[in-house]
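The block underneath contains the structure these notes are about, expressed in structure tokens.
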Amino acid sequence: ILRDASPDVALGRVYLPQDMLKAEGVSTEDVLQLKSSPEYRKVVAAVADHAESLLMEAEMGKSTLPGVGPLFVQIIVELYREYLIKLEQIGYDNLNLSGERVKINTVQKLMASFKATTKVLTQQ
Numbered sequence: 018i019l020r021d022a023s024p025d026v027a028l029g030r031v032y033l034p035q036d037m038l039k040a041e042g043v044s045t046e047d048v049l050q051l052k053s054s055p056e057y058r059k060v061v062a063a064v065a066d067h068a069e070s071l072l073m074e075a076e077m078g079k080s081t082l083p084g085v086g087p088l089f090v091q092i093i094v095e096l097y098r099e100y101l102i103k104l105e106q107i108g109y110d111n112l113n114l115s116g117e118r119v120k121i122n123t124v125q126k127l128m129a130s131f132k133a134t135t136k137v138l139t140q141q
């Protein structure tokens, strides 16, 4: 939802919680017009915070999985954390005129995978 906001808007779609947008005075039309107001970015930040809490839940539950399941979960968690970090670095402004999604580079992806592997091997 958060990293694909611009491509979604290009398709006429807005997946952010409508109740949160409305509470901040942001209309769907504002989002479709790529208006990244402080109120819009506040909604994105709140959804990002919720996403982080879900990532923490996934981490806690990974040990119940067999085989390499915990590693796969941790890799996904670390990758999505990198996306959340990138989103924070750009001020939660995930709407852009170019229509691109929020991206992390190959080095960041490799480092996230390394971090995940280390965490699983050391049982963190």
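So the sequence shown is numbered by my numbering: it starts at 18 and just counts up by one. Backbone N, C-alpha and C define an ideal beta-carbon position, used for all residues, glycine too.
Practice task
Sort Y57, S53, A22 by Cα distance to K39 and report the nearest one.
Solution key: Y57
Exercise for the section: Check the C-beta distance from N113 over to S54 and give it rounded, since I have them as a contact under 8 angstroms. Expected result: Not really, about 14 angstroms apart at Cβ, beyond 8 angstroms.
Handout entry: Own chain, CB closer than 7 angstroms to T81, minus 5 neighbours either side, in chain order
Key = none
Practice task
With a cut-off of 8 angstroms on the beta carbons, I'd call L19 and V61 a contact; round off their distance for me.
Solution key: 6 angstroms
Problem - Segments assigned alpha helix (DSSP H), at least 4 residues, entirely inside the stretch 22-74 - result: 22-27, 35-40, 45-49
Exercise for the section: Would you be able to state if there are at least three C-beta pairs under 8 angstroms between the stretch 118-137 and the stretch 90-101? Expected result: yes
Practice task
Pick helix, strand or coil for S130, following the three-state DSSP scheme.
Solution key: helix
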